[in-house]
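These notes are about the structure you will find just below.
Protein chains in written order, with the numbering used here: chain A, 1 to 123; chain B, 1001 to 1123; chain C, 2001 to 2123; chain D, 3001 to 3123.
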């Protein structure tokens, strides 16, 4: 099915409506939402368990796997967007600001083609 | 600073441009992006470490804490949105579809005010 | 059931025997084991989802919950101990060394009764 | 440095002594310990970020990397063992029981050489 290209604010509104209808506000503390996002990210990781990178590329050709991946990503996104709503954070602004910060931290000239991991001792 | 209310598609475009400029495509396999999202979610959880729910509410009144939370959420969102891009998934559709699925799973009549945890044995 | 107070080396031996019997060595790369530990830790966190600290204390009085917690902890421990085996790390020594390091970092005089979180701005 | 081949019970005793000296008991609720284990597991995963499995094997030949891995594993183990102590769980028994359960779930005849992932649709 196809959907409009919703803005983040609209998506957050849909999530909030879902929560409102079930009166789940008292469960949705920032701590509980962060924990829930972590739990769902664990389920997302499970799709990659015992699979090489090549296996994953193959699996993505399978609609059932892709659908599972899509659902697990959605679960994490829903809790994170809900967390921004509860914490009074604008996720669009947060992403743009972080990209700007990363652009200063990793100037493209210096980092072109180099992995940005902090723990490498071998370069 | 204020930004437009971007759609996920627009944000994914900004993230892709950042990756393009650094030629980081070969690092951005689905497995590596999922792992990176998990690492960043660990950093997000760190903001909640040794804090009660009341402590977190108090901390959110502190701009420095809120800014840290905003950045950690952005880090996870960036990797997840990048993962949808690499895997050919429409995150907006994924969120809407998941909300619909959850609405069937948790009818508001039955679940009003009740926590949706699967592991509860006490209700 | 009651068991002897096994040493870590003995427990690691039991885990290795299990892997040997199934010839799962090629799956047990350090990366795959670390990922598996993270997945199981997600399942462990699920036991705490939507539960206050008081709820958890109550739930621990329930044998079924305690058994679930016990199993989820075991899953993470098994993967981590297996990882030490594969990576040639002595987990006993690693724990002792880390406690010593932490003792220097958090002198008991200074830290008595104070939470050791790095991100606190409010003390 | 070399250490005896301690049992989990002995290691838990060392960890408890560390906590006793700092009077950190009120922070060490089951929820807070599970969260802390997850945070440390995120740091463990960071050592695998942007590294192929071959990169990790190479990195393990580097004492600095191996030492980092050893410390991150220790951090997770410390919190998990502390959690078993607080929750009244015998981790040795939990591991043995779980291995027995897994042995029934994955009979070696049937599973020899096959990855035990639940999400595979391709076998």
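All C-beta atoms, glycine included, are put in the ideal place defined by N, C-alpha and C. Just so you know, these numbers come straight off a predicted model, no measurement behind them.
Problem set entry | DSSP state of residue 3108 of chain D mapped onto helix, strand, coil | Counting from one through the fourth chain, the residue named residue 3108 of chain D turns up at place 108. Helix.
Exercise. Does the region 1019-1035 of chain B come within contact of the region 1075-1086 of chain B, defined as at least 3 CB pairs closer than 8 Å?
Worked result: Three or more Cβ pairs closer than 8 Å define a contact, and the region 1019-1035 of chain B meets that threshold against the region 1075-1086 of chain B.
For this session: Select from the region 3024-3038 of chain D all residues with a C-beta closer than 8 Å to any C-beta belonging to chain A, and list them in chain order.
Result: Within the region 3024-3038 of chain D, the residues whose Cβ lies closer than 8 Å to some Cβ of chain A are 3035 and 3038, listed in chain order.
For this session: Starting from the beta carbon of residue 22 of chain A, find every residue of chain B whose beta carbon is closer than 7 Å, and list them in chain order.
Result: Here the question's residue 22 of chain A lines up with position 22 in the first chain. The contacting residues are 1106, 1108, 1111 and 1112.
Problem set entry | chain B contact residues for residue 3045 of chain D, given Cβ-Cβ distances below 8 Å | Here residue 3045 of chain D is taken as the residue at index 45 of the fourth chain, counted from 1. By Cβ distance, chain B contributes 1035, 1038, 1039 and 1042.
Exercise. From what residue to what residue does the alpha helix (DSSP H) around residue 2088 of chain C run?
Worked result: Stepping through the third chain from its first residue, residue 2088 of chain C is reached at position 88. Unbroken run through residue 2088 of chain C: none, as it is neither H nor E.
Problem set entry | Local Cβ density within 10 Å of residue 3025 of chain D, reported as buried at 16 or more and exposed below that | For the purposes of this step, residue 3025 of chain D is taken as residue 25 along the fourth chain, with counting starting at 1. It is exposed - the Cβ of residue 3025 of chain D has fewer than 16 other Cβ atoms within 10 Å.
For this session: Below 8 Å between beta carbons is the criterion; list the residues of the region 3059-3074 of chain D that meet it against any residue of chain C, in chain order.
Result: Of all residues in the region 3059-3074 of chain D, 3060, 3066, 3069, 3070, 3071, 3073 and 3074 have a Cβ within less than 8 Å of some Cβ in chain C.
Exercise. Closest by CA to residue 2114 of chain C, which one among D:3109, D:3070, D:3021 and D:3071?
Worked result: Position 114 of the third chain, counted from the first residue, corresponds to residue 2114 of chain C. Closest by alpha carbon: D:3021.
Exercise. In whole angstroms, what separates the C-alpha of residue 1086 of chain B from that of residue 1009 of chain B?
Worked result: Along the second chain, one-based indexing puts residue 1086 of chain B at 86. Along the second chain, one-based indexing puts residue 1009 of chain B at 9. Their Cα atoms are separated by approximately 13 Å.
For this session: Round the Cβ separation of residue 1098 of chain B and residue 74 of chain A to the nearest angstrom and send it over; I've been treating them as touching at under 8 Å.
Result: Start at 1 with the first residue of the second chain, and residue 1098 of chain B comes out as number 98. Start at 1 with the first residue of the first chain, and residue 74 of chain A comes out as number 74. Between residue 1098 of chain B and residue 74 of chain A, the beta carbon gap of about 4 Å places them in contact (Cβ cut-off 8 Å).
Exercise. Using a Cβ-Cβ distance under 9 Å, would residue 85 of chain A count as near chain B?
Worked result: As a working note, residue 85 of chain A is residue 85 in the first chain. No, residue 85 of chain A lies away from the interface with chain B (no Cβ there is under 9 Å from its Cβ).
Exercise. CB residue 1149 of chain B to CB residue 66 of chain A, shorter than 9 Å?
Worked result: Nothing about residue 1149 of chain B can be read from this structure; chain B reaches only from 1001 to 1123.
For this session: Go through its chain and collect everything with a Cβ distance to residue 1044 of chain B's Cβ below 8 Å, but skip five positions before and after it.
Result: Position 44 of the second chain, counted from the start, is the residue given in the question as residue 1044 of chain B. The residues are 1069, 1072, 1073, 1075 and 1076.
For this session: Note down, in chain order, each residue of its chain lying with its Cβ closer than 8 Å to the Cβ of residue 111 of chain A, except the 5 sequence neighbours on either side.
Result: Residue numbering aside, residue 111 of chain A sits at position 111 when the first chain is read from its first letter. If we look at residue 111 of chain A and ignore the five residues flanking it on each side, it has no Cβ neighbours.
Exercise. With burial defined as no fewer than 16 other Cβ atoms inside 10 Å of the residue's Cβ, what is the status of residue 3 of chain A: buried or exposed?
Worked result: By one-based count along the first chain, residue 3 of chain A stands at place 3. Under this definition residue 3 of chain A is an exposed residue.
Problem set entry | Residue from C:2103, C:2091, C:2093 and C:2083 with nearest C-alpha to residue 2029 of chain C | The residue labelled residue 2029 of chain C in the question sits at position 29 within the third chain. Residue 2029 of chain C has its Cα closest to that of C:2083, out of C:2103, C:2091, C:2093 and C:2083.
Problem set entry | Separation of residue 11 of chain A from residue 1100 of chain B, as counted between CA atoms | Counted from its first residue, the second chain places residue 1100 of chain B at position 100. Counted from its first residue, the first chain places residue 11 of chain A at position 11. Cα atoms of residue 1100 of chain B and residue 11 of chain A: separation of roughly 13 Å, rounded to the nearest angstrom.
Problem set entry | Any C-beta of chain A under 9 Å from that of residue 1013 of chain B | Taking the first residue of the second chain as 1, we reach residue 1013 of chain B at position 13. No - not a single Cβ of chain A is within 9 Å of the one on residue 1013 of chain B.
Exercise. Taking the alpha-carbon positions, what's the residue 3027 of chain D to residue 1050 of chain B distance?
Worked result: Numbered from 1 along the fourth chain, position 27 holds the residue referred to as residue 3027 of chain D. Numbered from 1 along the second chain, position 50 holds the residue referred to as residue 1050 of chain B. About 6 Å.
Exercise. Does any C-beta atom of chain D lie closer than 9 Å to the C-beta of residue 1018 of chain B?
Worked result: Reading the second chain from its first residue, position 18 is the one you call residue 1018 of chain B. Using beta-carbon distances, residue 1018 of chain B does not count as an interface residue toward chain D, since no partner is under 9 Å.
Exercise. Do the CB positions of residue 47 of chain A and residue 59 of chain A come within less than 9 Å of each other?
Worked result: Locating residue 47 of chain A in the first chain gives position 47, where the first residue counts as 1. Locating residue 59 of chain A in the first chain gives position 59, where the first residue counts as 1. Pairing residue 47 of chain A with residue 59 of chain A gives a Cβ-Cβ distance under 9 Å.
Exercise. Does residue 3117 of chain D have its Cβ less than 9 Å from a Cβ in chain A?
Worked result: In the fourth chain, counting from the first residue as 1, residue 3117 of chain D sits at position 117. For residue 3117 of chain D, the answer is yes, since a Cβ of chain A falls inside 9 Å of its Cβ.
Exercise. Is residue 91 of chain A buried or exposed, if buried means 16 or more other CB atoms sit within 10 Å of its CB?
Worked result: The sequence position of residue 91 of chain A within the first chain is 91, counting from 1. Residue 91 of chain A is classed as buried because its beta carbon has at least 16 other beta carbons within 10 Å across all chains shown.
Exercise. Based on the DSSP secondary-structure assignment, which residues constitute the bridge partners of residue 2007 of chain C?
Worked result: Position 7 of the third chain, counted from the first residue, corresponds to residue 2007 of chain C. DSSP, once it has assigned bridges, lists D:3007 as partnering residue 2007 of chain C.
Exercise. Between residue 2040 of chain C and the rest of its own chain, which residues show a CB-CB distance below 7 Å, the 5 nearest in sequence each way excluded?
Worked result: Counted from its first residue, the third chain places residue 2040 of chain C at position 40. Excluding positions up to five away in sequence, the list reads 2072, 2075, 2076 and 2079.
Exercise. Ordered along the chain, which non-local residues of its own chain (more than five positions away) have a Cβ less than 7 Å from that of residue 1056 of chain B?
Worked result: Counting from 1 along the second chain, the entry for residue 1056 of chain B is found at position 56. Contacts found: 1048.
Exercise. Residues in its own chain within less than 8 Å of residue 106 of chain A by CB, not counting five upstream and five downstream?
Worked result: Taking the first chain and counting its residues from 1, one reaches residue 106 of chain A at position 106. Around residue 106 of chain A: 116.
Exercise. So the alpha helix (DSSP H) residue 1042 of chain B belongs to, where does it begin and stop?
Worked result: Walking along the second chain from the start, residue 1042 of chain B turns up at place 42. Per DSSP, residue 1042 of chain B belongs to the alpha helix (DSSP H) from 1030-1046.
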